[in-house]
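Chemist:
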Amino acid sequence: MEEHLEAGKESKPSSMSPDLQGDRSLQVEISDAVSERDKVKFTVQTKSCVPHLAQTEFSVVRHHEEFIWLHNAYVENEEYAGLIIPPAPPRPDFEASREKLQKLGEGDSSITREEFAKMKEELEAEYLAIFKKTVAMHEVFLQRLAAHPTLRRDHNFFVFLEYGQDLSVRGKNRKELLGGFLRNIVKSADEALITGMSGLKEVDDFFEHERTFLLEYHTRIRDACLRADRVMHSHKCLADDYIPISAALSSLGTQEVNQLKTSFLKLAELFERLRKLEGRVASDEDLKLSDMLRYYVRDSQAAKDLLYRRLRALADYENANKALDKARTRNREVRTAESHQQLCCQRFERLSDSAKQGKPHGPGAPATALLTLPGSPFLSSPELMDFRSRRVSSFRKNLIELAELELKHAKASTLLLRNTLVTLKGEP
Amino acid sequence: MASGGGGCSASGRLPPPFPVLEPESEGAVGGSEPEAGDSDTEGEDIFTGAADASKPQSPKRIASLLPINSGSKENGIHEEQDQEPQDLFADATVELSLDSTQNNQKKVPAKTLISLPPQEATNSSKPQPSYEELEEEEEEDQFDLTVGITDPEKIGDGMNAYVAYKVTTQTSLPMFRSKQFAVKRRFSDFLGLYEKLSEKHSQNGFIVPPPPEKSLIGMTKVKVGKEDSSSAEFLEKRRAALERYLQRIVNHPTMLQDPDVREFLEKEELPRAVGTQTFSGAGLLKMFNRATDAVSKMTIKMNESDIAAFDQRMKMWQRWQDAQATLQKKREAEARLLWANKPDKLQQAKDEIVEWESRVTQYERDFERISTVVRKEVIRFEKEKSKDFKNHVIKYLETLLYSQQQLAKYWEAFLPEAKAIS
């Protein structure tokens, strides 16, 4: 029932240039996961041929906060400012499921034993599904990192993969959380300011276009995700509601003794089967549609972040230019102003290039010289282009699978209903 | 075949067990002996046709036991028919069925109706109508009248507003003025009809179908003018419930004869039924999703009116028993007087005895009558319930089927689009 989200995997082979040397694939997967009281512990297994690493195969146990730590390490690293950082996996959330199980446990005595068993079974399946999903999310995160030519070489990444012991990463305390929250606000305000600034003109049409597109896309996909969630939820509720209906009908059926009895029992059976079908529809929709949408909400946010950073760099650059001019007129601190301006320029251009053309540069290298550093792989797919192709192929695959599954379920339901109708009508 | 219900021997002090559903083997013409006291087991297959053979006396028996005391109310049609007053059912079948000539043939002038209960009970040639015969009577009661309720229309404003529904009737029955007609009725009119009907009929053991519940919350929302989906849903539910209620009334052969019902269907303006104000009742408004909404449409309510029918029967029996007890006492008194040798009081005692004897007989007859009626009613009810249930379920499943087919169609159309993504 569960598959791993292969959002990024599709384009990975194409993004690998054939002339890679020494940088063999780094295979990361989560081979096991255990759910303990509060936490989920993931067993991250790595197989690699990278000479840099000590062994070729090793595994460690990590928990969710460590993933977040890794993600933050990437985000805060200036070097990767020009790249789309894969979005962090969402926190494993079993609350809803746990609550429901608890409520069922205390629950009322009005439901029969069979009903109770069925509902418990459903809830357990739900719990299991959530569990599998969170494993998949964490795995995709790591796999995208492993596949990205630049990001995979990060030191922190290796630490994460290799270091046998606990990384002693603590979750953010309240102050840090608040700080993070405020920073987000500042960031979005900043973004609004920058874009609103009359002076700042986007130098590149490409980026202008991308930006408007991404903004629109992000809001739309978020909306779509919410609605898909609602649809899935109502399918799930429908499936759950069929349980008491079916139980009531079968108890009615056991009471009657005549033709009506068989009708009742037939109906009870029908609803039981319909319930299973609906349940499957719900879970398929969840996997193929909701999850995919949710992932791209986060991914598009990451892309937006990239664009923001670039814009910020552009603003800095412009400011630096102005400062330089001012310094020149005053003929004071020209040197510092110059070097500052140079830095900003470089950064801006680096980000632009990386986003557009995807040529990674080492820190400080002059952007205007389109030199490739020795040893760094030359990539043909730019970050944003990459994002697009990833997205398109993922949508395609998931939507096709979703359509096929929905079709299959609809046909099964039709057949089921038709048969029951024939039987019911046939009985005088 | 003797039936358990007919065993009203004078010596028995318990009311005859009400073998509501005497189990018969499927399709059997009446060979097997029904077991008394086998409550709740319906061996008879309602859906298969009833046995075709029937004793000639049975319809007479039914006819003879029909409410004689109901006066002129139900016998409105008799004015047109010029038949014997007791043969209500025979009239009904003539009137309502299109091709139930069989019933007419069965009709035997019901002259010898009044005979003492014990004799009737033991007389095997004139048994109480068996289950399947009763059922057969019902089976052939086809009639040509359909009702529909549409167009809920809000009239008035604010808290004095009400919703008027259009009640359309299509019929070929001669007792109505025209073939197709429609009137406007409001909810309190329906309630008023129910009150009138239950007043008249539940005493005789008829099960009067109950009207839909009053709902304070729902109506207030509608009155206030809240145009949201919940008030629309409420109106739709109420409309469906009213239609079902009216359908059940007209399906009931006796109710259909009632001039009040006819008046309800035909008359332009009804006097406002008082005492049916909404504020007296507290209604429940539950939110169903569409699936369970359809299921709720399928529930058949068997409520107080039905229990009332059984209670009536109990009361009748009680009355009869009391009368018998009194008779006994009177006899004892007479015996004592004889022994005490007081001739003057003796005559009085004798008179009283005679009087009480006749009362006893009367009550016993009443009891029999009501028993039969209740039995018939229950049979009708069961049958109607099954039929109704089945129809609704089939309709519901068909809508489900349709929506699934639509789903399949849309997904099929979508698939090539998905494949074309690039």
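Chains as they are written, first to last, in my numbering: chain A, 1 to 428; chain B, 1 to 422. Cβ coordinates follow ideal geometry from the N, Cα and C atoms, glycine included.
Quick one: which chain B residues come within Cβ less than 9 angstroms of I400(A)?
Modeler: Ordered by position in chain B, the residues that pass the 9 angstroms Cβ test against I400(A) are L415, A418, K419 and I421.
Chemist: By the three-class DSSP mapping on this structure, what secondary structure does P152(B) have?
Modeler: strand
Chemist: In its own chain, which residues sit with a C-beta less than 6 angstroms from the C-beta of H361(A), not counting the 5 before and 5 after it?
Modeler: Confidence at H361(A) is low in this model, with a pLDDT of 40, below 50, so its placement is unreliable and the value that follows should be read with caution. Taken in chain order, the residues that qualify are R350.
Chemist: Taking 8 angstroms as the cut-off, does the stretch 229 to 236 of chain A touch the stretch 295 to 305 of chain A (at least 3 CB pairs, one atom from each stretch)?
Modeler: Short answer: they don't touch.
Chemist: Please confirm whether I379(B) has its beta-carbon closer than 8 angstroms to some beta-carbon of chain A.
Modeler: For I379(B), not one C-beta of chain A is nearer than 8 angstroms to its own C-beta.
Chemist: Say yes only if the C-beta of L123(A) is nearer than 7 angstroms to one or more non-hydrogen atoms of the ligand FAD, and no if none qualify.
Modeler: In the structure shown, the ligand FAD is absent, as is every other ligand, since no ligand is present at all.
Chemist: Apply the 10 Å Cβ neighbour rule to S422(B) and answer buried if 16 or more other Cβ atoms are within range, or exposed otherwise.
Modeler: Exposed, since its Cβ has fewer than 16 Cβ neighbours within 10 Å.
Chemist: Measuring alpha carbon to alpha carbon, tell me which residue in E352(B), G192(B), E153(B) and K385(B) is nearest E263(B).
Modeler: G192(B)
Chemist: Would you say S413(A) reaches chain B, if we count a Cβ-Cβ gap shorter than 8 angstroms as a contact?
Modeler: yes
Chemist: Relative to the alpha-carbon of G82(A), which residue among T329(A), D305(A) and A315(A) has its alpha-carbon at the smallest distance?
Modeler: D305(A)
Chemist: Under 8 angstroms by Cβ, that's how I've got F310(B) and V373(B) pegged, so tell me the actual separation to the nearest angstrom.
Modeler: Contact flag wrong, Cβ pair sits at about 11 angstroms.
Chemist: Using a C-beta to C-beta distance shorter than 7 angstroms, which residues of chain B count as neighbours of K118(A)?
Modeler: Correct list: empty, because the minimum Cβ distance to chain B is about 17 angstroms.
Chemist: Here's the rule I'm using: 16 or more other beta-carbon atoms within 10 Å means buried, otherwise exposed. How should F141(A) be labelled?
Modeler: buried
Chemist: Got a sec? Which residues, its chain only, sit under 8 angstroms from E353(B) by beta carbon, not counting five neighbours each side?
Modeler: Here the sequence assigns Ile to residue 353(B), which means Glu is not the residue at that position. Taken in chain order, the residues that qualify are L327, K330, R331 and E334.
Chemist: How big is the Cα-Cα spacing for L399(A) and A224(A)?
Modeler: 14 angstroms
Chemist: What are the boundary residues of the beta strand (DSSP E) that includes T43(A)?
Modeler: V40 to S48
Chemist: Suppose you measure from the CA of Y127(A) to the CA of S290(A); what does that come to, to the nearest Å?
Modeler: Each residue's Cα considered, the two are about 17 angstroms apart.
Chemist: Determine which residues of the stretch 378 to 410 of chain B have a Cβ less than 8 angstroms from any Cβ of chain A, and write them out in chain order.
Modeler: S386, F389, K390, V393, I394, L397, E398, L400, L401, Q404, Q405, L407 and A408
Chemist: Please list the terminal residues of the continuous beta strand (DSSP E) segment that includes V60(A).
Modeler: E57 to H63
Chemist: Using only CA atoms, which one of N72(A), S413(A), P87(A) and H209(A) lies nearest to L277(A)?
Modeler: S413(A)
Chemist: Quick one: using the 10 Å Cβ neighbour count with 16 as the cut-off for buried, is D149(B) buried or exposed?
Modeler: Residue identity differs from the one stated: residue 149(B) is Ile in this sequence, not Asp. Counting Cβ neighbours within 10 Å, I149(B) comes out buried, since at least 16 surround it.
Chemist: Does the distance from the CB of A325(B) to the CB of L337(B) come in under 8 angstroms?
Modeler: no
Chemist: Nearest chain B C-beta to E449(A) closer than 8 angstroms, yes or no?
Modeler: Nothing can be reported for residue 449(A): it is not among the residues displayed for chain A, which extend from 1 to 428.
Chemist: Measure from the C-beta of E412(B) to each C-beta in chain A and report whether the shortest distance is under 8 angstroms.
Modeler: Judged by the 8 angstroms Cβ criterion, E412(B) is in contact with chain A.
Chemist: Would DSSP call L173(B) helix, strand or coil?
Modeler: coil
Chemist: Scan the stretch 93 to 120 of chain A and note each continuous alpha helix (DSSP H) run of 4 residues or more that stays entirely inside, going in chain order.
Modeler: 95 to 106
Chemist: Cβ closer than 9 angstroms: which chain B residues qualify as neighbours of S246(A)?
Modeler: Result: empty, since nearest Cβ-Cβ is about 11 angstroms, beyond 9 angstroms.
Chemist: Going along chain B in order, which residues have a C-beta closer than 9 angstroms to the C-beta of L267(A)?
Modeler: Per Cβ cutoff of 9 angstroms: V393 and L397.
Chemist: Applying a beta-carbon distance threshold of less than 8 angstroms, which residues of chain B neighbour T420(A)?
Modeler: L397
Chemist: Over what stretch of residues does the beta strand (DSSP E) that includes F181(B) continue unbroken?
Modeler: Where F181(B) is concerned, the enclosing beta strand (DSSP E) stretches over Q180 to R186.
Chemist: Quick check on S168(A): does DSSP put it in helix, strand or coil?
Modeler: coil
Chemist: So A146(A) packs on L26(A), CB below 8 angstroms; how close in whole Å?
Modeler: 4 angstroms
Chemist: Going by DSSP, which residues form a beta bridge with T168(B)?
Modeler: G148(B) and A182(B)
Chemist: Just confirm the distance between the C-beta atoms of H64(A) and R91(A), as a whole number of angstroms; I'd bet it's less than 8 angstroms.
Modeler: 6 angstroms
Chemist: What residue from F58(A), R37(A) and S339(A) has the CA that sits closest to Q45(A)'s CA?
Modeler: Minimum Cα-Cα distance from Q45(A) among the listed residues F58(A), R37(A) and S339(A) corresponds to F58(A).
Chemist: DSSP state of I30(A), grouped into three classes?
Modeler: strand
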